[in-house]
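Participant: Have a look at the structure that comes next, please.
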Amino acid sequence: MSKGLPKRYYQFKLIFFYLLGIIAFCFTSCSATKASKNNASKAYIKKYMDKEAFEIQRTVKDCKVERIGDSIKVTFVNEVFFDVDQYTIKDTAVPTVNKLVGIIKKYAKTYNVVQGHTDNSGDEAYNFSLSFKRAEEVKHYLVNNGIGADRINAYGVGDTQPVASNTTENGRAKNRRVLVWITSDHALKEEAVAKTQ
């Protein structure tokens, strides 16, 4: 203790640093708790989406199911749904689409985006139009079979996002596809927070 400074000064200094330590501990503890709750919410959503993806893979044939981040990507080659240069869903595709409808209804806390793709056989405007009409056709089918229109969006991208070379018939066939992206909606996120608090 140096001369001239009252004993109280050192007591206040000690109390100040003690309180500062408590505040730092609380801040660190609160941050860790918040991160833990956030991780629990993400795990809850992941489990929900994993279950839906597994059910689609097990039930719906003629599709490829992938988990990408918090989303499910379901890919159908167009031959499953549509005849060449057509956008009306084929009768033979109805059982497949109905199985997907049933699962989307069951997992009601999701938002769905239908995305149409083409190869580069036609001109650009035609490809965009055809891809959009195919995506809209799938959307309308889902809505007409009980999926809320507010849960679905649809758009076409033409031949702008190929997954294979357009120089071979096999590659063009892979590029002619419909994707259904399924992601968690606001209700699932709120439920995850409520259940993990």
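127 is the number that full-length UniProt numbering gives to position 127 of the sequence shown; each next residue is one higher, with no gaps.
From the three backbone atoms N, C-alpha and C, an ideal C-beta is built for every residue, glycine too.
Here the structure is a predicted model, which is why all the values come from computation and not from measurement.
Identify the residues that DSSP records as bridge partners of Glu66: which are they?
Facilitator: Lys73
Participant: Taking the beta carbon of Gly156 as the centre, do at least 16 other beta carbons fall within 10 Å, making it buried, or is it exposed?
Facilitator: buried
Participant: Am I right that Val113 and Trp181 are in contact with their C-beta atoms under 8 Å? What's the rounded C-beta distance?
Facilitator: 4 Å
Participant: I'd like to check one pair, Val163 with Phe81: are the Cβ atoms closer than 8 Å?
Facilitator: no
Participant: Taking the C-alpha atoms as reference points, what is the distance between Thr167 and Asp185?
Facilitator: 39 Å
Participant: Of the residues Ser121, Asp62 and Lys105, which one's Cα is nearest the Cα of Thr92?
Facilitator: Asp62
Participant: Have a look at the DSSP bridge pairing and note the partners of Tyr155.
Facilitator: Gln115
Participant: Please tell me whether Thr183 has its Cβ less than 8 Å away from any Cβ of chain D.
Facilitator: Annotation note: the requested chain D is absent from the structure, which comprises a single protein chain.
Participant: Can you pull the DSSP bridge partners for Ser184?
Facilitator: DSSP lists Thr110 as partners of Ser184.
Participant: Taking 6 Å as the limit between beta carbons, can you name the residues of its chain near Leu130, skipping five residues before and five after?
Facilitator: Thr118
Participant: In the DSSP assignment, find the unbroken alpha helix (DSSP H) run with Arg172 in it and report its ends.
Facilitator: Glu169 to Asn175
Participant: Short check: CB of Ser71 to CB of Val193, under 8 Å?
Facilitator: no
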